[in-house]
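First the structure, in the form of structure tokens, and then the observations on it.
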Amino acid sequence: MKSRVFESPARVVFALVLALSGTTVLGLTPRAVAAPTIFPPERPRLEPPGKHASFSFDLVTSAGAAVCLPDAQGEVRITSRGANQVMDVFVTGLPANTTFTVFVLQLPHSPFGLSRYEGDVETNRRGEGHASFVGIFSDETFIVAPGPGAAPVLHPGDANVNPATAPVHTLHLGMWFDSTADAAAAGCAANRTPFNGDHTAGIQVLNTTNFPDEDGPIGRFGR
267 MKSRVFESPA RVVFALVLAL SGTTVLGLTP RAVAAPTIFP PERPRLEPPG KHASFSFDLV
327 TSAGAAVCLP DAQGEVRITS RGANQVMDVF VTGLPANTTF TVFVLQLPHS PFGLSRYEGD
387 VETNRRGEGH ASFVGIFSDE TFIVAPGPGA APVLHPGDAN VNPATAPVHT LHLGMWFDST
447 ADAAAAGCAA NRTPFNGDHT AGIQVLNTTN FPDEDGPIGR FGR
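Heads up: the sequence shown begins at 267 in the working numbering, then just goes up one per residue.
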């Protein structure tokens, strides 16, 4: 009878590998990881775009929503993508399962000035939401109308001709309830505003009044 030690050398090697592997696995026992949050783990703050490819800034609760939505907050991240930019909007502390509209603005507060409907953010059951938009979000964001012209009238309140204007930079952001009913359900004023697709939006909930009127955060990207 052969010695058991030499009977199966492959088995000995395999056992040694298993032992070493077991030691490694035990040494790398995974630790508990916190649940993901609405905000990305890294939140850069207004760093010069010449040195970094992206920067972030906060949205603050508007004056009209400060009482009814005291926990509302948001963060915006603008990132370079070739010749364009991606603008990610993250929000939390809002009513659950609710649609909000996002506008690029000349002014973050009334009378708002020239404004452009950028898109929607829908919250989940925890009142958190995120949306991404692709376009020009930098010091080159502006609206211009070299002259007046006929405009389509699709909804009540639409103008049938535009006013002429030289280039006007729109470097602020604002976010509104998509409907007055949603605003009322959240305990907010049910005032009707034109800030959605058919001009039947509720009140503004978040904006960039934490920046000067003539120095909106969007314009800080690209300088």
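C-beta atoms are modelled at their ideal positions from N, C-alpha and C, and glycine is treated no differently.
Contact annotation: Val-400 and Gly-385 have beta-carbon atoms that are not nearer than 8 Å. Asp-448 is classed as buried because its beta carbon has at least 16 other beta carbons within 10 Å across all chains shown. Between Pro-433 and Phe-408, the beta carbon gap of about 5 Å places them in contact (Cβ cut-off 8 Å).
Contact between the segment 338-348 and the segment 317-329 is present, with at least three C-beta pairs closer than 8 Å. For Ala-349, the closest of His-375, Leu-472, Thr-459 and Glu-406 by C-alpha to C-alpha distance is Glu-406. In terms of Cβ geometry, Gly-440 and Leu-472 form a close pair [threshold 8 Å].
Separation of Glu-388 and Asp-479 (C-alpha to C-alpha, rounded to the nearest whole angstrom) is 27 Å.
The three-state secondary structure of Thr-436, taken from DSSP, is coil.
In this structure Ala-416 is in contact with Val-427, their Cβ atoms being roughly 6 Å apart against a cut-off of 8 Å.
Cβ-Cβ distances below 8 Å link Thr-431 to Leu-380, Ile-409, Val-410 and Ala-411 in the same chain, with the five nearest sequence neighbours on each side left out; the list follows chain order.
Around the beta carbon of Leu-420, fewer than 16 other beta carbons lie within 10 angstroms, which makes this residue exposed. Buried is the label assigned to Arg-486, since at least 16 other Cβ atoms lie within 10 Å of its Cβ. With a 10 Å radius around the Cβ and a threshold of 16 neighbouring Cβ atoms, Gly-340 comes out buried. If only complete runs of 3 or more residues are kept, the segment 382-452 shows the beta strand (DSSP E) at 395-401, 408-411, 431-435 and 438-443, in order along the chain.
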